[in-house]
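Asker: Dropping the structure in here first, questions after.
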Amino acid sequence: MTLKTAQQTVDEWINTIGIRYYSELTNTAILTEEVGEVARLMSRLYGEQSFKRPEDAKRAPAQLADEMADVLFVLICLANQTGIDLTEALRHNLEKKTSRDKDRHANNEKLK
Numbered sequence: 009m010t011l012k013t014a015q016q017t018v019d020e021w022i023n024t025i026g027i028r029y030y031s032e033l034t035n036t037a038i039l040t041e042e043v044g045e046v047a048r049l050m051s052r053l054y055g056e057q058s059f060k061r062p063e064d065a066k067r068a069p070a071q072l073a074d075e076m077a078d079v080l081f082v083l084i085c086l087a088n089q090t091g092i093d094l095t096e097a098l099r100h101n102l103e104k105k106t107s108r109d110k111d112r113h114a115n116n117e118k119l120k
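Its first residue numbered 9, the sequence shown is counted upward by one per residue in my numbering.
This is the structure:
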């Protein structure tokens, strides 16, 4: 699925099953909540925090994928609401990073 297709698919879902978009402010709050859920799982899977129960650790990789998809879904909603073409935005962002950082990372001793 391309970003363009994802934006169209989410828009269709929102306008049929979801009835309508939440406000941009509400979706921003939901995005923050979803990013927090990703952070919680990342801190337990890859950081020093531990899971409360062993079965939580077993389910965590699948939950992480689902939470990342939630983040992407809400981000796509916000892009649709604000008229942003994510394909073009990502292309432009990568060009900016390439131009700005083409030597920076190669010369960073911390990355070697």
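C-beta atoms are modelled at their ideal positions from N, C-alpha and C, and glycine is treated no differently.
Tell me whether Arg-48 sits in a helix, a strand or coil according to DSSP, three-state version.
Answerer: helix
Asker: Tell me whether Asn-115, by its Cβ, gets closer than 6 Å to a heavy atom of the ligand ADP.
Answerer: For the structure depicted, the ligand ADP is absent and the ligand set is empty, with no information on it obtainable.
Asker: Can you give the Cα-Cα distance for Arg-108 and Thr-95, rounded to whole angstroms?
Answerer: Pairing Arg-108 with Thr-95, the inter-Cα distance amounts to about 20 Å.
Asker: Does Glu-56 come out as helix, strand or coil in the three-state DSSP assignment?
Answerer: coil
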